[in-house]
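Below: the structure, in structure tokens.
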Amino acid sequence: MVTQQTPVDDYFRSHLPNQYEQGGRKWLYPRATSGWYTRWRTAVAIVLLLALLAGPFVWVDGHPLFLFNILERRFIFFGVTFWPQDFYLVAIGLITFIVFVTLFTVVYGRVFCGWACPQTIFMEMVFRRIESWIEGDFKARQRLDAGPWTAEKMLKKTAKHALFFLISFVIGNTFLAYIIGRDQWLTLITDRPSQHWAGLTAMLAFTGVFYAVFAYLREIVCTTICPYGRLQSVLLDKHSLVVAYDYVRGEPRGKKQREQITQDTGSGGGRLEPPVVAAHASAPRPLPQTPKGDCVDCKLCVQVCPTGIDIRNGTQMECINCTACMDACDEVMHRIDRPQGLIRMDSLTGIETREPFRSTTRIKAYSGVLLALLAVLGGLLGTRPALDTTVLRAPGQLFQREANGRVANLYSVEVINKTYQPMPVRFRLSHPAARLRFVQPLAAVRPGELTKTMFFITLPETAIRQSNTPLTIDILSGNTLIDQVETNFLGPEH
Ligand code: SF4
Ligand code: SF4
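The sequence shown begins at 219 in my numbering and counts up one residue at a time.
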């Protein structure tokens with residue numbers, strides 16, 4: 219993990235922000251923020267929440283856009299169905315995703331956590347806002363929790379937890395609909411409960427887990443449980459863009475006298491500038507020499523932090539890059555008429571040297587690997603056969619001699635139609651003397667379904683030269699060759 223040298227003690231290194239020194243959970247009461255980043259974050263959260271909640275119910279051309287049916291081992295991702303036979307694609311896709319996350323984290327730190335992770339979005343944009351709406355701002359919430367159990371407190375707590383449970387129920391049901399699909403979920407909620415004990419138990423279990431996460435666990439998920447947060451210490455370096463405090467400009471911190479503010483700025487008035495996303499991105503500019511740094515030690519950045527840390531201590535594993543402290547500090551800088559961006563998205567190198575962000579060898583290497591993986595994945599997806607066929611010799615069977623002088627082998631066949639149209643299917647054998655005879659005829663496979671049947675392959679005994687004859691079976695749809703399967707034909711020794 220990147221740390222920076224500031225004139226503060228390192229108490230924060232040995233103590234969790236949400237734990238008392240003598241042990242026990244220290245409940246956090248983050249102050250609400252407003253500002254440029256909060257507005258954008260809210261807009262992004264609304265879009266993502268709508269997408270997340272609508273996901274399982276959006277169907278295109280008669281099939282869902284997303285399905286993660288672990289029970290039936292059927293997965294649909296952006297309308298493309300993946301079967302267990304596509305495991306290699308899922309594995310390569312996962313590796314590609316991990317490299318993408320690694321590259322993204324190396325460049326932008328943990329910004330996904332603060333802006334796009336469902337845990338943060340639900341916690342900060344839904345549950346925390348409901349809490350503020352019912353119990354009041356951060357100070358009122360603190361007072362309410364510390365105070366005795368009055369009728370007002372009981373009413374507020376009951377209303378809050380009832381709403382929390384209701385929203386957790388909605389999230390739990392959405393989660394379930396992603397797993398079992400829209401239609402099965404509809405059956406589950408409209409049929410008699412006695413016919414769906416397993417489904418209803420799962421529904422209540424998911425609701426309970428989400429309720430526990432958002433009502434009690436909260437920031438512990440991000441700071442302690444989520445493995446992605448732990449990975450930061452190995453992924454970030456001093457070139458990564460993270461939410462960072464400009465200690466060069468901010469220190470020594472302390473209250474500034476009005477005369478000093480006037481002297482620094484040449485005015486006493488306020489002026490609203492757009493937030494500085496990366497102040498070092500433009501040419502280095504000298505800052506006025508001040509006896510004190512720009513940080514007035516108001517601790518607003520600490521009060522708004524949902525994980526309870528002080529970003530002025532440097533980059534910490536608990537920081538989810540939510541940018542709330544950037545808004546809070548920008549507001550303070552605006553009020554004291556100092557340039558915004560004392561806390562901003564920047565790298566340690568950027569803060570120390572005021573140099574713009576540059577791509578490093580590490581970033582280029584990850585980018586190269588990612589591009590290569592994307593090319594492989596794209597190629598495999600593009601050439602994935604529409605029909606996936608498995609032909610196996612029937613277990614426990616060798617061969618049978620038929621009355622017409624032919625030898626027969628029995629095979630089981632499974633055909634998966636990975637498309638959304640019915641596919642006519644026929645089989646062609648490589649051996650010119652081989653014949654194919656179905657036990658149950660198979661002419662077409664229905665869309666998105668797996669069809670099983672059995673067939674005999676027969677060869678004239680006179681055409682058999684060895685006990686184990688290799689055979690190739692072509693699988694055609696119309697006249698198009700879709701797939702090829704290699705198998706063996708067992709016959710008598712000659
Ligand atoms: S909000 Fe800005 S000025 Fe206030 S303590 Fe934090 S860094 Fe310093
Ligand atoms: S330090 Fe700032 S960006 Fe990091 S979690 Fe706290 S408020 Fe969010």
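A virtual CB, placed ideally from N, CA and C, is assigned to each residue, including glycine.
Residue i to residue j span [Cα, whole Å]
i: N236; j: L246; result: 7 Å
i: G417; j: L406; result: 7 Å
i: C440; j: A369; result: 34 Å
i: V262; j: R347; result: 16 Å
i: V179; j: V663; result: With the chain covering only 219 through 712, there is no way to say anything about residue 179.
i: A496; j: F318; result: Interpretation of A496 is limited by its pLDDT of 40, a score under 50 that renders its predicted location unreliable; the figure taken from the coordinates is listed afterwards. The straight-line gap from Cα to Cα measures roughly 23 Å.
i: P574; j: A583; result: 20 Å
i: G488; j: K474; result: Any reading at G488 must be qualified, since the residue scores a pLDDT of 36, below 50, and its modelled position is unreliable; no value is offered.
i: F340; j: G332; result: 11 Å
i: L234; j: K244; result: 9 Å
i: M641; j: L321; result: 41 Å
i: A272; j: P336; result: 14 Å
i: M372; j: G354; result: 15 Å
i: A652; j: E679; result: 11 Å
i: R291; j: V325; result: 35 Å
i: V278; j: V587; result: 33 Å
i: E620; j: F674; result: 11 Å
i: L454; j: Q413; result: 51 Å
i: I443; j: F428; result: 14 Å
i: F383; j: G241; result: 29 Å
i: V344; j: Q558; result: 28 Å
i: A358; j: F432; result: 20 Å
i: G198; j: Y306; result: The structure shown does not extend to residue 198, since the chain is modelled only from 219 to 712, so the question has no answer here.
i: Y446; j: L267; result: 21 Å
i: I294; j: F315; result: 17 Å
i: L708; j: S630; result: 15 Å
i: M551; j: I561; result: 10 Å
i: K636; j: L595; result: 17 Å
Start-to-end residues for the beta strand (DSSP E) that takes in residue i
i: D606; result: L605 to R611
i: E704; result: T698 to L708
i: R644; result: R644 to L647
i: V466; result: Looking at the DSSP string, V466 is not in any beta strand (DSSP E); the run it does join, the alpha helix (DSSP H), is Y465 to G468.
i: F673; result: L668 to P678
i: M563; result: I561 to D564
i: I538; result: No beta strand (DSSP E) contains I538, which DSSP labels as neither H nor E.
i: I693; result: N686 to S695
i: R655; result: R653 to F656
For residue i, the first and last residue of its enclosing alpha helix (DSSP H)
i: A546; result: A542 to R553
i: N531; result: Here N531 belongs to no alpha helix (DSSP H), and DSSP marks it neither H nor E.
i: Y638; result: Y638 -> no alpha helix (DSSP H), and no H or E assigned at all.
i: R572; result: Note, R572: premise wrong, no alpha helix (DSSP H); not H, not E.
i: S585; result: T579 to G600
i: V520; result: L518 to Q521
i: F330; result: V329 to W333
Contact check, residue i vs residue j, beta carbons under 7 Å
i: P274; j: A423; result: no
i: D701; j: P603; result: yes
i: Q684; j: T671; result: no
i: L628; j: Q615; result: yes
i: R249; j: F356; result: yes
i: V625; j: F617; result: yes
i: V703; j: T607; result: yes
i: D545; j: G327; result: no
i: S565; j: H457; result: yes
i: V520; j: D528; result: yes
i: G666; j: T408; result: no
i: D515; j: R448; result: no
i: R644; j: L689; result: no
i: I554; j: D464; result: no
i: T533; j: V466; result: no
i: T251; j: A462; result: no
i: L668; j: I634; result: yes
i: I352; j: A377; result: yes
i: E437; j: T525; result: yes
i: T425; j: G390; result: yes
i: M535; j: Q450; result: yes
i: L647; j: L654; result: yes
i: I397; j: F284; result: no
Proximity test, Cβ basis, 7 Å: residue i and chain B
i: L289; result: In the displayed structure, chain B is absent; only one protein chain is listed.
Item to complete: Entirely within the stretch 232 to 316 and at least 4 residues each: give me those alpha helix (DSSP H) ranges in chain order.
Response: 254 to 272
Item to complete: Just list the alpha helix (DSSP H) runs in the stretch 406 to 457, keeping only unbroken ones of 4 residues or longer that don't cross its boundaries, in chain order.
Response: 415 to 430 and 445 to 453
Fill in: Every unbroken alpha helix (DSSP H) inside the stretch 349 to 385 [4 residues or more]
356 to 364
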